[in-house]
Amino acid sequence: MIHLIKKERQIPWKIRKWEALLRRLPAAHPERAKLEEQLAISRAGYRGEASIDYYLAFLPPGDCYILHDLRLPGERDTFFQIDTLLITPHFLLILEVKNIAGTLYFDRDFQQIIRTLHDKEEAFPDPMLQLQRQQSQLQNWLIRHKLPQAPVPGFVVISNPSAVLKTDPAHRDIYHSIIRAAALPHTFDSLQKKYGAVTLTKQQMQKISRKLMKHHQDHIPDIPNEVDPRLLLSGVHCPDCYHLPLPRQRGRWYCRVCHSLHPRAHIPSLIDYLLLHKSTITNKEFRTFMKLESPDVAYKLLYHLDLPHSGFNKNRTYTLSLEALRG
Numbered sequence: 001m002i003h004l005i006k007k008e009r010q011i012p013w014k015i016r017k018w019e020a021l022l023r024r025l026p027a028a029h030p031e032r033a034k035l036e037e038q039l040a041i042s043r044a045g046y047r048g049e050a051s052i053d054y055y056l057a058f059l060p061p062g063d064c065y066i067l068h069d070l071r072l073p074g075e076r077d078t079f080f081q082i083d084t085l086l087i088t089p090h091f092l093l094i095l096e097v098k099n100i101a102g103t104l105y106f107d108r109d110f111q112q113i114i115r116t117l118h119d120k121e122e123a124f125p126d127p128m129l130q131l132q133r134q135q136s137q138l139q140n141w142l143i144r145h146k147l148p149q150a151p152v153p154g155f156v157v158i159s160n161p162s163a164v165l166k167t168d169p170a171h172r173d174i175y176h177s178i179i180r181a182a183a184l185p186h187t188f189d190s191l192q193k194k195y196g197a198v199t200l201t202k203q204q205m206q207k208i209s210r211k212l213m214k215h216h217q218d219h220i221p222d223i224p225n226e227v228d229p230r231l232l233l234s235g236v237h238c239p240d241c242y243h244l245p246l247p248r249q250r251g252r253w254y255c256r257v258c259h260s261l262h263p264r265a266h267i268p269s270l271i272d273y274l275l276l277h278k279s280t281i282t283n284k285e286f287r288t289f290m291k292l293e294s295p296d297v298a299y300k301l302l303y304h305l306d307l308p309h310s311g312f313n314k315n316r317t318y319t320l321s322l323e324a325l326r327g
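Mapping the sequence shown onto the UniProt record's numbering, position 32 (from 1) lands on 32, and the numbers just tick up by one.
So, in structure tokens, the structure goes:
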């Protein structure tokens, strides 16, 4: 049995950015409540996607490459996203994961989900339409890149175990396309029997996965227009309680709230700078954002991060990236 995760699941850029934004948004900002709600929705979606990993570990034997969170260029300057893609010798399986609580009525006539929760009804887009678009877009993408073809089945996976699923008896066909997360191993086994013919060699599977990885593009959302970046709070935040700004004392950052000391607290704050402002920083910009006075201290802190840079002395510009700052 070979189940290889070719692309790991990572916390989405939107969650990272919204967390950084809320850390530095003034408490009384009028957009704060809306941003907190959007962050809660994004976190719930991510938890739902991550929850299927447990069941993927129980897939039946067979070669399988797993790629999470793909975002690929489509046609006419568009992109399409796939929560999880499984590449096997028999097929390419798309999993569209939905973590929605409550009673879910799949209304095929009006192509929507009607969610009832706490006596309140709310409409959601039809995930079946989304899945069908993804299947078509992936097939077209494979053709455009002259890659081997294979069947592209797909499922909408309801990851919330407490969700109640309903539909009109006339539309019972959706039972073949909407499954619970716990049914993944059994459903995968059934697909292997349905698509018995081997259509992809191991070399072709590797070629497809490499091409998908090469063309994947992360989406980093912009700061909402309602938020003026100039109003965001600067300073080093406490990695424990998120209080800011922290003063620097004897080579460490001191939090007056939780009384913790952090020699490297400027690194997560640099990540905030990267997410909220830009991917380059100078000594002066570093001092301004971290509320430091000494150019020498700023130089030493940046020097020890071993960041790519260009220019000399006062004109030196450092390039920031999550990989470098988390390394």
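Every residue, glycine too, gets a C-beta built ideally from N, C-alpha and C.
Same chain, Cβ closer than 6 Å to residue i, neighbours up to 5 away in sequence not counted
i, result
"G102", "R115, T116 and L117"
"M1", "With a pLDDT of 47 at M1, under the threshold of 50, the modelled position of this residue cannot be trusted; read the value that follows with caution. Correct list, in chain order: P61."
"G14", "It is Lys, not Gly, that sits at residue 14 in the sequence shown. Contacts found: S42 and P221."
"L305", "none"
"L25", "R32"
"S279", "L320"
Close beta carbons around residue i, own chain, < 7 Å, minus the five adjacent residues each side
i, result
"W18", "L35, Q38, L39 and S42"
"D126", "Q111, Q112 and I113"
"K6", "Y65, I66, L67, S209 and M213"
"R71", "F79, Q81, H216, Q217, D218 and H219"
"S269", "V236, H237 and M290"
"N99", "A44, G45, R47, G48, S159 and N160"
"R23", "H237, Y242 and D272"
"R252", "L261, H262 and P263"
Where the alpha helix (DSSP H) containing residue i begins and where it ends
i, result
"H266", "H266 to L276"
"Y55", "D53 to L56"
"L21", "W13 to R24"
"K314", "K314 -> no alpha helix (DSSP H), and no H or E assigned at all."
Residue i and residue j closer than 8 Å at C-beta
i, j, result
"A232", "I281", "Note that residue 232 is Leu in the sequence shown here, rather than Ala. Result no, Cβ atoms of L232 and I281 do not sit closer than 8 Å."
"Y254", "L244", "no"
"Q137", "G74", "yes"
"V157", "L95", "yes"
"R248", "N283", "no"
"P229", "H277", "yes"
"L307", "A324", "yes"
"H145", "L59", "no"
"residue 330", "Y55", "Residue 330 lies beyond the residue range present for the chain, which begins at 1 and ends at 327; the question has no answer from this structure."
"R133", "I174", "no"
"P148", "Q204", "yes"
"A50", "R9", "yes"
"D83", "D69", "yes"
Opposing strand residues paired with residue i [DSSP bridges]
i, result
"K166", "Y105"
"V157", "V97 and I179"
"R115", "L104 and E122"
CB-CB length for residue i against residue j, believed under 8 Å
i, j, result
"P89", "V198", "5 Å"
"G154", "L93", "7 Å"
"T167", "F106", "4 Å"
Endpoints, beta strand (DSSP E) assigned at residue i
i, result
"K120", "K120 to P125"
"F79", "F79 to I87"
"R252", "R252 to Y254"
"P73", "C64 to P73"
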